[in-house]
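Notes for the one structure printed next.
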Amino acid sequence: MPKIALITGITGQDGSYLTELLLSKGYAVHGLIRRASTFNTQRIDHLYQDPHDVNTRLFLHYGDLSDSSRLTNLFYQIQPDEVYHLGAQSHVRVSFDMPDYTGDVTGLGTVRLLEAIRKSGVRCRLYQASSSEMFGGSPPPQNEKTPFQPRSPYAAAKVYAHWMVSNYREAYGLFACNGIMFNHESPRRGETFVSRKICRAVARIVAGQQKKLFLGNLDAHRDWGFAPEYVEGMWLMLQQNSARDLVFGTGVAHLVREFLEEAFLHVNLKWQNYVEIDPRYFRPTEVPLLQADPSEAKRHLQWQATVTFKELVKIMVGAELRALQLSDARSQDASLDARFNWFKKP
Ligand code: NAP
Ligand code: F7E
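Sequential numbering from 7 applies to the sequence shown in the working numbering.
See below:
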């Protein structure tokens, strides 16, 4: 019998890569999707399988993290062996506009999921998507012992989710892990996160479709890695003999300004000629410097990020240029193909 996985947030960046990873390992994958008036499954459309086919291993279920009874019913119905909880209102800037909603979905949504596991009595392992944002104002490098100092409604909601998962592990013996992941990006990143916003703008400027790029704070440091490597870390956490929380990152931090510089260099343009600062993208409280100490993940899982900052920017700018047919589809990086042969290239 194949192992059964349930993924919340399957339509997101990480959910799509994780689905590919688990399908490649022979899992049956069930995903929670939100009902929307427009299609929201673009990131997993290439994985679609006809539900009438007996060999189908990907199943999608309507549901929402705000709906407890639906979550509980899905556990009875699916009986998963492994649960990957990735669903969230994940945008930090937006969380200042929608603190109530963010607390409900990102914080309480996790509690609803934990309760669904407990009430249904299904014996499963749980991965929960904690975030480096929880470290907020704590000085770098940040690791499993670093105190949390959340600086946004998003980060505060994640801290709540994190501690609730720890509590259910202690109180009810649930095999539950928090992966404290630093920023990870890819060509499938949401268009309003800074990495994708910059790379998309570079291609559109080259194509003559955009003249200016409006950004906020260029002086924050982030530890940016490549998303497919991070979903491998999620899977590894649930294959261990015991549950523990771990930090995932590259260990190297760069300024937003450096990301800009690197992305525009790929097309031989000076970013200073195109970028303007728009205060609407500033956050009421910013997190100045996130840099992981991922040594515990290496020790316990032999997990290590291998894609460098320069490679990441190259992958992302390259994907945007190809999407606008500004470079040859065959220009895909061959070494990347060899290293990540389990996922289908965007
Ligand atoms: P993402 O692309 O924003 O995806 C979020 C997913 O959650 C989407 O599938 C979204 O559905 C779903 N979702 C949102 N509200 C929901 C609700 N009320 N009910 C059910 N599903 C809902 O995020 P990501 O980058 O893949 O990140 C995955 C998880 O890791 C998130 O929890 C994020 O907070 C966390 N995280 C991310 C990073 C990172 O750098 N990427 C780092 C640390 C932690 P729709 O597609 O319908 O919107
Ligand atoms: O911002 C600055 C911004 O929105 C990065 C989420 O996945 O990672 C992500 O959160 C930096 C910040 O990511 C713009 O102020 C400047 O300093 O790409 P971001 P994030 O806030 O770090 C963590 C780990 C998560 O858990 C989250 O879910 O870039 N910045 N100008 C800008 N940011 C955005 N979005 N847009 C700008 O125009």
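We put the beta carbon where it would ideally sit given N, CA and C, even for glycine.
- The set of residues with CB atoms less than 5 angstroms from any heavy atom of the ligand F7E reads, in chain order, S96, V98, S137, S138, E139, N189, F199, V200, L221, G222, N223, A226, V262, Y287.
- Exclusion of M240 from the 6 angstroms shell around the ligand NAP follows from its C-beta lying no nearer than that to any non-hydrogen atom of the ligand.
- Taking E292 as the centre and dropping the five residues before and after it, the same chain places the C-beta of R157, N223, A226 closer than 8 angstroms to its C-beta, in chain order.
- Here DSSP, grouped into helix, strand and coil, assigns E139 to helix.
- Remark: three or more beta-carbon pairs, one from each stretch, lie closer than 8 angstroms, so the region 321-334 and the region 186-200 are flagged as touching.
- With 16 or more neighbouring CB atoms inside 10 Å of its own CB, Y236 falls in the buried class.
- Short note on G142: C-beta not closer than 6 angstroms to any heavy atom of the ligand NAP.
- Around the beta-carbon of T25, 16 or more other beta-carbon atoms lie within 10 Å, marking it buried.
- M187: member of the beta strand (DSSP E) spanning 181-187, first to last residue.
- Following the DSSP letters along the chain, one finds L24 inside the alpha helix (DSSP H) bounded by residues 19-30.
- Counted as a single uninterrupted DSSP element, the alpha helix (DSSP H) harbouring A325 occupies residues 315-329.
- In the three-state DSSP reduction, H168 falls in the helix class (H, G or I).
- Rounded to whole angstroms, the Cβ separation of E139 and Y160 is 6 angstroms, and the two are in contact under 8 angstroms.
- Between I211 and Y280, the gap from beta carbon to beta carbon is short of 7 angstroms.
- A straight-line Cα-Cα distance of about 21 angstroms links R124 and Q246.
- The beta carbons of L12 and P57 sit about 16 angstroms from each other, so the pair does not count as a contact at 8 angstroms.
- Residue side-chain check: A122 keeps its Cβ at 6 angstroms or more from all non-hydrogen atoms of the ligand NAP.
- With a cut-off of 6 angstroms, the C-beta of N46 is classified as near the ligand NAP, since at least one heavy atom of the ligand falls inside that distance.
- The beta carbon of L28 is closer than 6 angstroms to those of A11, V35 in its chain, skipping five residues each way along the sequence.
- Taking the CA atoms as reference points, S43 sits about 37 angstroms from V253.
- Runs of the beta strand (DSSP E) lying entirely within the region 208-248 and spanning at least 3 residues, in chain order: 219-221.
- Linking K316 to G239 through their CA atoms gives a straight-line distance of about 21 angstroms.
- The three-state secondary structure of Y287, taken from DSSP, is helix.
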